[in-house]
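Residue numbers (my numbering): 161 to 562.
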Amino acid sequence: MKKNWIRIAVLAVISCLFVKYFGTIAGAAGLLVDTLMPLLLGFAIAYILNILMEKLEKIYFPKSDKHWVEKTRRPVCVFGSIFLVLFFVVFLVLLVIPALGDSIYVLTKDIPRAFVRFQRWLSELAAQAGYSEMEEFVSSLKINWDDLYNKLGGILTKGISSVFNSAFSVAGLLASFVVTGVVAIVFSIYMLFQKENLKRQFKKLSAAYLPKRWTERASGFLNLAHETFTNFITGQVLEAFILGTLCGTGMFLLRLPYAMMIGVIVGVSALIPVMGAYIGAFVGAFMILTISPLKALGFLVYLAILQQIEGNLIYPRVVGGSIGLPGIWVLASVTVGGGLFGIAGMLIGVPFTATLYKWIRNDVNEKIKAHHVPREPHLLKEIEEFQEYEEAKRKAEKSKLS
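Structure (structure tokens):
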């Protein structure tokens, strides 16, 4: 009893100190994150490359025990994964840059014409309904598009000049970005080559300084997180590629405008969970709306059907199931993660929340199984059935992915 009071008192003191010096602690944490950013970025790059590297290692003479194969397997697969990622990035950039140019053309040329058509249609509708005052008001609306574009350009130029106020700051920013990127890539390559040694060292440290119970729980949590993040990254990339390809191909067959450009936008936006589908739909419909409202409506209908087919048939078969997070928590994690860390928070929030959800769910089931079974035996049967279902699903996912 006395130990519990001591723990509560210590926790209360620490909480008070944390609240009192929150600004100092936050500043120190921010400085630490900025200092470790190249290493953190390198870890993220290594984790993504590791997914590709493991796939390549299963292809690169997996059953051969020859010396030269074992010596060259890791280098070939590491640099092969880097090449594939760079190829994908360059290919995406070559598609996005022309699409961005076409988008700017749409914004500067097609929107004024679309506004005139909409204004004429609204004026005719008001005249047919007998609203002469509304007809006169709509007809009198005039927008000086050149002046509007000049003002927007001035605001954009002012914002850029405030960020890049001198050639020195631009050079410093570029140099910092290049150095961070190079250090991160080199660090990720070292991690990939030494991942078995790092894993073994981490296990030895945890076994030496942490209690066995903590080590087992930490190992279980990390394994669960690795499985969840791997499934999420693989699933999102495959989903984005499939959805973008089907969207662009379908639009081309339906003779909708900007097929390739909107297909790229929809595919890239699909990397963002939940919100990505709405972003791609809004941008694509807005661009087509400048040409034909009817075709924009047709695009929305086609994309809605495509989303249903892709979400209910293609995605589960290709990935082998979702990451096991209910829809309400997916939306919550995207909202909170996006509010805290932007797009990166949206991407990381879902698998992180899914990991916590699974870990807490398993812990709750174990505690119920240990403490409440004698009084509520029906819970034991439900938990055992659920665990058997999860185990069967996990084995099916691994067999499909391998």
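Glycine included, C-beta positions come from ideal geometry on N, C-alpha and C. Note that the structure is predicted; figures quoted are calculated from it, not measured.
Per DSSP, residue 451 is not a residue of any alpha helix (DSSP H), being assigned neither H nor E. Between the alpha carbons of residue 394 and residue 285 lies a distance of about 50 Å.
For the region 328–384, the full-length alpha helix (DSSP H) segments reaching 4 residues or more read 355–369 along the chain.
By the Cβ rule, the region 404–423 does not count as touching the region 367–383, because fewer than three pairs are nearer than 8 Å. Rounded to whole angstroms, the separation of the alpha carbons of residue 389 and residue 383 is 10 Å. Per DSSP, the continuous alpha helix (DSSP H) segment holding residue 199 begins and ends at 182–219.
Following the DSSP letters along the chain, one finds residue 425 inside the alpha helix (DSSP H) bounded by residues 419–429. About 12 Å separates the beta carbon of residue 430 from that of residue 408, a gap too long to meet the 8 Å contact definition. If you draw a straight line from the Cα of residue 221 to the Cα of residue 399, it comes to about 29 Å.
One Cα belongs to residue 197, the other to residue 448, and the distance between them is close to 41 Å.
With distances taken between CA atoms, residue 336 lies nearest to 194 out of 456, 194, 524 and 296. Note that the C-beta distance between residue 424 and residue 200 is not below 7 Å. Contact between residue 213 and residue 237 is confirmed by a C-beta separation of about 5 Å, below the 8 Å threshold. Annotated three-state conformation of residue 395 is helix, per DSSP. A Cβ-Cβ distance of about 26 Å is found for the pair residue 348 and residue 188, leaving them out of contact under the 8 Å criterion. Here DSSP, grouped into helix, strand and coil, assigns residue 224 to coil. Between residue 489 and residue 513 the beta-carbon gap is near 6 Å, inside 8 Å, which marks them as a contact.
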